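For the sequence shown, the residue numbers in the working numbering are 10 to 165.
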Amino acid sequence: MKCPYCGSNDLKVTDTRTKGNYIKRKRQCVKCKGTFYTIEVIDLSEVMVQKRNGSLQAFNKISILRGLKRAFNKINISEEEIENILDNIEMEIYSKKTNIVKSEEIGNIVCKYLKKVNDIAYLRFLSVYKKYNTLDEFNEEISKCINERKKNQENN
Ligand SMILES: [Zn+2]
C-alpha cells in the first residue's frame, strides 16, 4: 500500500477499530505525515456452498437474509437485530476456514442463532429447512424446544 499523498510505502497504523464485519484502520505516512483510513471487509465470495445433491453454489448472504426475514415475519424485531444475527452467522461460517461449506452446516448455524433469539422464528426456519416428513417429527422438535426453554428458566 502506498501513501495517497506522496506515494511513499513507509506507513504506520495509528488506530484500529472493528465494527460488525469491518476493520477500520487509521494510517499515517511516516514521510509526509498525511493520514488516511483503510477499511478491511470480510469477503466470503470465494466460499462455495455444497447442496444436499452435491452441487456447488457461491455463498450468498442475501439468501440467508431472506430466510431470516421469512422466519421473523410478523415477529417484533428490528432490522438492526436481524443484521446482527446475519453478521454472527457470517462470522461463524468464515471461522470454519474452508472454501466449501455444506448447506446443512449453514442451516445448523442459522438454527443455533435463531434458537437463542426467538422460538417461533427458530421453529419456522426449521420447518422449511429440515422438510419434516410427518407432523410427529415436527412436534418432537417443538417439545424439545419447550423442554430446553424450561431447563434454561430453571437454571436462571
Ligand atoms: Zn506520504
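Beta carbons: idealized from backbone N, C-alpha and C, even for Gly. None of these values were measured; they are calculated from a predicted model.
Less than 6 Å between C-beta atoms, sequence neighbours within five positions excluded: which residues of the same chain meet that for P13? One-based indexing of the sequence shown puts residue 13 at position 4. Only F45 meet the Cβ criterion.
Whose C-alpha, out of N127, E89, K139, is nearest the C-alpha of S157? In the sequence shown, the residue the question calls residue 157 occupies position 148. It is Glu, not Ser, that sits at residue 157 in the sequence shown. It is N127.
Taking 8 Å as the cut-off, does the region 76-86 touch the region 112-132 (at least 3 CB pairs, one atom from each stretch)? The answer is yes - the region 76-86 touches the region 112-132, with three or more Cβ pairs under 8 Å.
Please enumerate, following chain order, all residues with a beta carbon closer than 6 Å to at least one heavy atom belonging to ligand 1. C12, Y14, C15, S17, C38, K40, C41, G43
In this structure, how does DSSP classify L53 when only helix, strand and coil are distinguished? The count along the sequence shown starts at 1 and reaches residue 53 at position 44. Correct three-state label for L53: coil.
Cα separation between I98 and V22? If you number the sequence shown from 1, residue 98 lands on position 89. If you number the sequence shown from 1, residue 22 lands on position 13. So the alpha carbons of these two residues sit roughly 29 Å apart.
Can you tell me the Cβ-Cβ gap for A80 and L20, rounded? I've got them flagged as a contact below 8 Å. Reading the sequence shown from its first residue, position 71 is the one you call residue 80. Reading the sequence shown from its first residue, position 11 is the one you call residue 20. Between A80 and L20 a beta carbon distance of about 44 Å is seen, past the 8 Å cut, so the two are scored as non-contacting.
Counting only the same chain and skipping the five closest in sequence on each side, list residues whose C-beta sits under 8 Å from that of L53. Along the sequence shown, one-based indexing puts residue 53 at 44. These residues qualify, in order along the chain: F68, K70, E99, I102, Y103.
Considering only their Cβ atoms, is the gap separating F134 from L74 smaller than 9 Å? Indexing the sequence shown from 1 puts residue 74 at position 65. Indexing the sequence shown from 1 puts residue 134 at position 125. Not a contact, by the Cβ cut-off of 9 Å.
Starting from the C-beta of M10, find all residues in its chain whose C-beta is less than 6 Å away, skip the five residues before and the five after it, and write them out in chain order. Along the sequence shown, one-based indexing puts residue 10 at 1. None.
Cβ shell of Q66 (< 6 Å), same chain only, five flanking positions each side left out: Translated into the one-based positions of the sequence shown, residue 66 becomes position 57. Answer for Q66: V58, listed in chain order.
Where does Y122 sit, in a helix, a strand or coil, going by DSSP? As a working mapping, residue 122 is identified with position 113 in the sequence shown. Three-state result, Y122: helix.
Host beta strand (DSSP E) of K40 (start-end): Taking the first residue of the sequence shown as 1, we reach residue 40 at position 31. Element bounds for K40: n/a, residue is neither H nor E.
Where in the region 57-124 do unbroken runs of the alpha helix (DSSP H), each at least 4 residues long, occur, reported from the N-terminal end onward? 70-80, 88-104
Buried or exposed: which applies to V119, given that a residue is buried once 16 or more other Cβ atoms fall within 10 Å of its Cβ? For this step, residue 119 is matched to residue 110 along the sequence shown. Under this definition V119 is a buried residue.
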